[in-house]
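The numbering of the sequence shown is numbering that gives the first Met the number 0, which starts it at 0 and goes up by one. Ideal Cβ positions, reconstructed from N, Cα and C, are used throughout, including at glycine. Written out below as structure tokens is the structure these notes cover.
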Amino acid sequence: MALQYRAAVLHAAQTPMSIETITAAALKPTDVLVRIRAAGLCHTDLEVIEGSLRYPLPIVLGHEAAGIVEQIGPAARGVKVGDHVVLSWNPHCGHCFYCDRDAPILCEEYLGLGPKAVAFDGAIRGTLADGRGVQQLMFLGSFGEYSIVPDQQAIPVPKEIPFDRACLIGCGVMTGAGAALNLGAIAHGDTVMVIGCGAVGLAAVQGARLAGAGAIIAVDVNPAKLLLAAKMGATHGVDASKDDAIAVGKRQTNGRGVDVVIESAGSVSAFRVTSEAVRPGGQIIWLGKIDVDKDVSFRWGSLMQEKRIRRVSYGNARPRRDFPLLARAYLDGSLMLDELITRRIRLDEINDGFAALKRGEAIRSVITFD
């Protein structure tokens, strides 16, 4: 008998999601059936709800999740029934132009299939009660009791880490911490500025601390988030509604500008600040995003002097390497995850959770499943 489970389904942008019954497809040979135990509410999901990020509908959103493996296909590798796993939203073929160049985030199959909101083999893994297929965001669709993914997307982590903390590793924490640890080239004693102290920015603050930064300047317009950034390792906090982050960065560096700027606010003004705040020869990492059809302009002089700019989506993630490392960092006390969770909600409360995220009231709301 086919598996049936409850999931939150979005039928139209700017409308509430409805909790509906999904009938799961039979597992393919390399598929893994994961019972979702926790799923974080991310700004990317909110972009789809609001219509600024466009996908085929109806769709099950959710791409930051952790759970337990309940069944595997006969050819599945690297995972077994009973494993606790964090899900990765970046499957890749391993043999295309970009995979051969160690850039799985640019995998041709991943980029080609992603906008279709299907599984990584191009098929649909679930149907609604009326027989229509339901799409899944970012190859996961984790706002439901179950998710079917290929084996490469289910990454075993230590069973000691609670699911509501583990799920954060799958997107926000990997993106922010990975930007600092894998891409920032932060040298011991460097001055790092992190603009935007949501879940991703706070993870970047911690990544900069773990990388050995000498000074970490956190920038936000929310005093509570700046206090949390200080708890996680920021040495300076700048309320951007009152103070000039560029001037603060220059004061801390004898007028040079900071060595690395990590942007995670996702605003036009924040992108502009990055190019003005970084020193000549410094590194700019953009994590935030705005509507894909909007323009951002810069003062040309701010882009001169050998400054390096990199747009990053997933912190140069290598999930089978990085997810267990981040989980162990939490377990040994060097990575703070508890403080990122603003509230825990039921699946039925998902629309309220996104309303709170839109109002800026939540770092992360996490759906927990019994």
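Unbroken beta strand (DSSP E) run spanning residue i, endpoints
| i | result |
| --- | --- |
| M335 | First-last for M335: undefined, no H or E at that position. |
| L86 | H83 to L86 |
| A153 | A153 to P155 |
| Q282 | V277 to W285 |
| I245 | Note, I245: premise wrong, no beta strand (DSSP E); alpha helix (DSSP H) at A244 to R250. |
Inter-residue Cα distance where the pair is residue i and residue j
| i | j | result |
| --- | --- | --- |
| A202 | M0 | 43 Å |
| D101 | K241 | 42 Å |
| E338 | P161 | 14 Å |
| K288 | A128 | 35 Å |
| G66 | F270 | 36 Å |
| Y4 | R131 | 15 Å |
| L52 | T43 | 8 Å |
| A118 | T29 | 12 Å |
| R307 | H235 | 24 Å |
| V33 | R164 | 17 Å |
| R36 | D351 | 19 Å |
| L286 | G81 | 34 Å |
| I284 | G314 | 10 Å |
| A198 | V172 | 7 Å |
| V365 | Y97 | 33 Å |
| A25 | L136 | 19 Å |
| A6 | T126 | 11 Å |
Residue i - containing alpha helix (DSSP H), residue span
| i | result |
| --- | --- |
| R36 | Segment D30 to G39 is the beta strand (DSSP E) holding R36; no alpha helix (DSSP H) there. |
| I48 | H42 to E49 |
| D351 | I349 to K357 |
| G236 | It is not in any alpha helix (DSSP H) - G236 instead sits in the beta strand (DSSP E) that spans H235 to D238. |
| P222 | P222 to M231 |
| R307 | Here R307 belongs to no alpha helix (DSSP H); instead the beta strand (DSSP E) covers R307 to R310. |
| F297 | It is not in any alpha helix (DSSP H) - F297 carries neither H nor E in the DSSP assignment. |
| A210 | A198 to A210 |
| C166 | F162 to L167 |
CB-CB length for residue i against residue j, believed under 8 Å
| i | j | result |
| --- | --- | --- |
| V8 | V133 | 6 Å |
| G232 | Q205 | 6 Å |
| L40 | R363 | 7 Å |
| A210 | A179 | 5 Å |
| G256 | A276 | 6 Å |
| G183 | A207 | 7 Å |
Bridge partner(s) assigned by DSSP for residue i
| i | result |
| --- | --- |
| Y4 | I21 |
| G177 | Partner(s): none; G177 has no beta bridge. |
| M192 | I216 and V260 |
| S364 | R342 |
| I147 | L32 |
| G140 | DSSP, once it has assigned bridges, lists no residue as partnering G140. |
| L9 | I58 |
| G132 | T126 |
Chain B within 7 Å of residue i, Cβ atoms only
| i | result |
| --- | --- |
| G175 | Of the chains in the structure shown, none is chain B; there is only one protein chain. |
Length-filtered (3 minimum) beta strand (DSSP E) runs lying within the region 53 to 129 = You should have 64 to 71 and 83 to 86.
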